[in-house]
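A.B. asks: Before we start, here is the structure in question, set down as structure tokens.
Chains as they are written, first to last, in this note's numbering: chain S, 19 to 374; chain Z, 4 to 234.
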């Protein structure tokens, strides 16, 4: 498709994103695998940009993963969602921001289903009252946390210490953007840019100086597949889908991958390690993998945060090749140190994929 | 329960995802599962459209309905606004309610999945939680995650998490009163009943297969026969 055509589609799928006062709920997977990304989200939004982003300790999982593993009924997950909305209402907010894409899809599905079947909303309100004696207003605005970073991308650009530009060549870094399936595949109008040409991550990459790579399997799922990962017997499904994506993007020589879904960065990172261990194949330069990042990690690098404060030491694929290209200074000896430089030893090194 | 189509029609997801299918096969072309497994979402929708109870029962007892990854790529692309992924969710729900899920290798996985996910939700308030994420069952998470789990109190502190702490923050301890509310939601909405149904049907099947409950659950979690794959 010609570039102007894409711009037209993007302009058809713009969503209104209020500039302030957001009620924030966390992601189960991101807290486990990318704990510093969520901390960085509140750091950037509250401290760097001065926004009101509120969190209560009383919120819980939305139940989305259990729902998509088919282990809890629809009424159960919807009533958990209703409780989350009640906490938002009680805190005095009307703009709802989940950190998780599965959650974002879950909230969107719940709101759309209630819109179409009001009797179900009434039933869920009754359930919530019976179980928790709570009532709720529906959010006025629903935006994923990547929508907010997209919305504030130029403010981040103004404060940039580093850009997505190769410091040696002066060329834009070549970035693959990977959008979580439940961001907009079910409800295209809920995502910035819709389902076919989502712009939420592409917009960040362009604002911060990089070049977005188009490749054949750009919209293919990372392979999480819920039960296809959580049941050990099924993980070949997950691995095969990631493998398909890497084979497709390899000829375009990406410098890095940016993601907005909790599971995707984990799978794109870890399955590269598994593919290398099983077959010896690596997709980056000189025996390295292609480093995979969350949007907060990239935003943090752009803003000049220390890579180890961003949690990049928890990646299995080494991030150092991108740090060098961006001109980010880092202390290799500090990578695996704990708080106050506590010695925590080092992880074992993989056999095939090069790590630092 | 014999009129399976009527049962499916009570499911909001089925009503959202099941309209007139034109058999174009776009869903199958886009489906990540169809490339990997012997799986064709178009055929599933066609089978359900027959409203033939015998054929639908065979689906409910089959591995086929458990191959989908619920990525919902099919929802985006269907020219008639069908959602085969939503139809699958309704079929799975009915397979669990009827107990037919124990008749297939992939269906039997519902027991370990239920224990893992609802256990984490009810005990901790999270779907995934470090204490139940065993590295030996997740070697793909790599040596870096093994290191992380071995030093989790220190690594979480280093990264600014509030692991098991009071107040807001990453992996905070979710207050007991919130967990009590989630348990009450499970009780009121059929979540607790669902767990009991899955456990009872699985226990019966384990006995039939000559396995202890533990052997059955472990086998369901990790055993994969080679009959599922596209050659």
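Note that the Cβ used here is the ideal one computed from N, Cα and C, for glycine as well. Remember, it's a predicted structure, so these values are computed and weren't measured experimentally.
Does residue 154 of chain S come out as helix, strand or coil in the three-state DSSP assignment?
C.D. replies: The residue you call residue 154 of chain S lines up with position 136 of the first chain. Correct three-state label for residue 154 of chain S: coil.
A.B. asks: Taking 7 Å as the limit between beta carbons, can you name the residues of its chain near residue 3 of chain Z, skipping five residues before and five after?
C.D. replies: Residue 3 of chain Z cannot be examined here, being either before or after the span of chain Z that is shown, 4 to 234.
A.B. asks: Rounded to the nearest angstrom, what separates residue 128 of chain Z and residue 47 of chain Z at their Cα positions?
C.D. replies: By one-based count along the second chain, residue 128 of chain Z stands at place 125. By one-based count along the second chain, residue 47 of chain Z stands at place 44. Going by the C-alpha atoms only, they are around 35 Å apart.
A.B. asks: Beta strand (DSSP E) containing residue 116 of chain S: first to last residue?
C.D. replies: Counting from one through the first chain, the residue named residue 116 of chain S turns up at place 98. From DSSP, the beta strand (DSSP E) with residue 116 of chain S extends over 113-116.
A.B. asks: Report the residues of the segment 76-100 of chain S with a CB closer than 9 Å to any CB of chain A, ordered along the chain.
C.D. replies: Protein chains S and Z are contained in the structure displayed, whereas chain A is not.
A.B. asks: What's the call for residue 357 of chain S, buried or exposed, on a 16-neighbour Cβ count within 10 Å?
C.D. replies: Taking the first residue of the first chain as position 1, residue 357 of chain S is located at position 339. Its Cβ having fewer than 16 others within 10 Å, residue 357 of chain S is exposed.
A.B. asks: Once the 5 residues before and after residue 18 of chain Z are set aside, which same chain residues still bring their CB inside 8 Å of it?
C.D. replies: As a working mapping, residue 18 of chain Z is identified with position 15 in the second chain. Around residue 18 of chain Z: 12.
A.B. asks: Going along chain S, which residues have a C-beta under 7 Å from residue 187 of chain Z?
C.D. replies: Taking the first residue of the second chain as position 1, residue 187 of chain Z is located at position 184. Near residue 187 of chain Z (Cβ distances below 7 Å), the residues of chain S are 149 and 150.
A.B. asks: Name, in chain order, the residues that DSSP records as bridge partners for residue 42 of chain S.
C.D. replies: On the first chain, position 24 is the one that residue 42 of chain S refers to. Looking at the DSSP assignment, residue 42 of chain S forms a beta bridge with S:115.
A.B. asks: Indicate whether residue 311 of chain S and residue 283 of chain S have their beta-carbon atoms separated by less than 8 Å.
C.D. replies: As a working mapping, residue 311 of chain S is identified with position 293 in the first chain. As a working mapping, residue 283 of chain S is identified with position 265 in the first chain. Yes, these two residues count as a Cβ contact at 8 Å.
A.B. asks: Go through its chain and collect everything with a Cβ distance to residue 243 of chain S's Cβ below 8 Å, but skip five positions before and after it.
C.D. replies: Sequence index remark: in the first chain, residue 243 of chain S carries index 225 (1-based). 252, 255, 256 and 259.
A.B. asks: Round the Cβ separation of residue 162 of chain S and residue 119 of chain S to the nearest angstrom and send it over; I've been treating them as touching at under 8 Å.
C.D. replies: As a working note, residue 162 of chain S is residue 144 in the first chain. As a working note, residue 119 of chain S is residue 101 in the first chain. Yes, residue 162 of chain S and residue 119 of chain S are in contact; Cβ-Cβ is about 7 Å, under 8 Å.
A.B. asks: Compute the distance between the beta-carbons of residue 342 of chain S and residue 273 of chain S, then report whether it is under 8 Å.
C.D. replies: Residue mapping note: residue 342 of chain S aligns to position 324 of the first chain, counting from 1. Residue mapping note: residue 273 of chain S aligns to position 255 of the first chain, counting from 1. Not in contact: residue 342 of chain S and residue 273 of chain S (Cβ atoms no closer than 8 Å).
A.B. asks: Just the C-alpha distance for residue 246 of chain S and residue 337 of chain S, rounded to the nearest angstrom, thanks.
C.D. replies: To locate residue 246 of chain S, count along the first chain from 1; it is residue 228. To locate residue 337 of chain S, count along the first chain from 1; it is residue 319. Going by the C-alpha atoms only, they are around 27 Å apart.
A.B. asks: Quick one: list the residues of chain S neighbouring residue 83 of chain Z, beta-carbon separation under 9 Å, in chain order.
C.D. replies: Along the second chain, one-based indexing puts residue 83 of chain Z at 80. By Cβ distance, chain S contributes nothing, its closest Cβ being about 16 Å from residue 83 of chain Z, past 9 Å.
A.B. asks: Given that a residue counts as buried once 16 or more other Cβ atoms are within 10 Å of its Cβ, and exposed if not, what is residue 117 of chain S?
C.D. replies: The residue labelled residue 117 of chain S in the question sits at position 99 within the first chain. Buried is the call here.
A.B. asks: Does the ligand GTP have even one heavy atom less than 7 Å from the beta-carbon of residue 214 of chain Z?
C.D. replies: With respect to the ligand GTP, the structure offers nothing, as it holds no ligand at all.
A.B. asks: Just to check my reading of the structure: residue 95 of chain Z and residue 24 of chain Z have Cβ atoms closer than 8 Å, yes? What is that Cβ distance to the nearest angstrom?
C.D. replies: Here the question's residue 95 of chain Z lines up with position 92 in the second chain. Here the question's residue 24 of chain Z lines up with position 21 in the second chain. Contact flag wrong, Cβ pair sits at about 19 Å.
A.B. asks: Any idea if residue 19 of chain S is buried or exposed, counting beta-carbon neighbours within 10 angstroms, 16 or more meaning buried?
C.D. replies: Counting from one through the first chain, the residue named residue 19 of chain S turns up at place 1. In this predicted model, residue 19 of chain S has a pLDDT of only 49, less than 50, meaning its place in the structure is not dependable; the value taken from the coordinates is given anyway. It is exposed - the Cβ of residue 19 of chain S has fewer than 16 other Cβ atoms within 10 Å.
A.B. asks: Please report whether the beta-carbon of residue 162 of chain Z lies at a distance below 8 Å from any beta-carbon of chain S.
C.D. replies: Walking along the second chain from the start, residue 162 of chain Z turns up at place 159. Residue 162 of chain Z counts as touching chain S.
A.B. asks: Does any residue of chain Z have a CB that is nearer than 8 Å to the CB of residue 213 of chain S?
C.D. replies: Working through the first chain from its first residue, we reach residue 213 of chain S at position 195. At least one chain Z Cβ lies under 8 Å of residue 213 of chain S.
A.B. asks: Taking all protein chains shown into account, decide if residue 203 of chain Z is buried (16 or more other Cβ within 10 angstroms of its Cβ) or exposed.
C.D. replies: The residue you call residue 203 of chain Z lines up with position 200 of the second chain. By the neighbour-count rule (16 or more Cβ atoms within 10 Å), residue 203 of chain Z is not buried but exposed.
A.B. asks: Quick check on residue 96 of chain Z - is its C-beta less than 8 Å from some C-beta in chain S?
C.D. replies: Your numbering for residue 96 of chain Z matches position 93 in the second chain. Interface residue, yes.
A.B. asks: Output needed for residue 131 of chain S: all residues of its chain with C-beta closer than 7 Å, excluding positions within five of it in sequence on either side, in chain order.
C.D. replies: For the purposes of this step, residue 131 of chain S is taken as residue 113 along the first chain, with counting starting at 1. For residue 131 of chain S, where only same-chain residues beyond five positions count, the Cβ hits under 7 Å are 138.
A.B. asks: Flag residue 113 of chain S as yes if its beta-carbon sits less than 8 Å from any beta-carbon of chain Z, otherwise no.
C.D. replies: As a working mapping, residue 113 of chain S is identified with position 95 in the first chain. No, residue 113 of chain S does not count as interfacial toward chain Z.
A.B. asks: Should the segment 45-62 of chain Z be called in touch with the segment 348-367 of chain S, which here means at least 3 C-beta pairs below 8 Å?
C.D. replies: No, because fewer than three Cβ pairs between the segment 45-62 of chain Z and the segment 348-367 of chain S fall closer than 8 Å, the two stretches do not touch.
A.B. asks: What are the residues of the segment 196-230 of chain Z that lie near chain S, defined by any Cβ-Cβ distance shorter than 7 Å?
C.D. replies: So the list reads 197, 224, 225, 226 and 227, given in the order they occur along the chain.
A.B. asks: Measure from the C-beta of residue 261 of chain S to each C-beta in chain Z and report whether the shortest distance is under 8 Å.
C.D. replies: Within the first chain, residue 261 of chain S is the residue found at index 243, counting from 1. Not closer than 8 Å to any Cβ of chain Z, the Cβ of residue 261 of chain S fails to qualify, so no.
A.B. asks: Give the secondary structure of residue 40 of chain Z by DSSP, where H, G and I count as helix, E and B as strand, and everything else as coil.
C.D. replies: To locate residue 40 of chain Z, count along the second chain from 1; it is residue 37. Strand.
A.B. asks: Spatial neighbours of residue 76 of chain S within its chain, please: C-beta separation below 7 Å, excluding the five flanking residues on both sides.
C.D. replies: Locating residue 76 of chain S in the first chain gives position 58, counting from the first residue. The residues are 105.
A.B. asks: Roughly how many angstroms lie between the CA atoms of residue 366 of chain S and residue 372 of chain S, to the nearest whole one?
C.D. replies: Taking the first chain and counting its residues from 1, one reaches residue 366 of chain S at position 348. Taking the first chain and counting its residues from 1, one reaches residue 372 of chain S at position 354. Straight-line Cα distance between these residues: approximately 12 Å.
A.B. asks: What are the boundary residues of the beta strand (DSSP E) that includes residue 311 of chain S?
C.D. replies: Mapped onto the first chain, residue 311 of chain S falls at position 293. It spans 310-312 - the beta strand (DSSP E) in which residue 311 of chain S sits, taken as one unbroken run.
A.B. asks: With respect to the alpha helix (DSSP H) encompassing residue 236 of chain S, which residues constitute its N-terminal and C-terminal limits?
C.D. replies: Position 218 of the first chain, counting from 1, holds the residue named residue 236 of chain S. Premise fails: residue 236 of chain S is in no alpha helix (DSSP H) and is neither H nor E.
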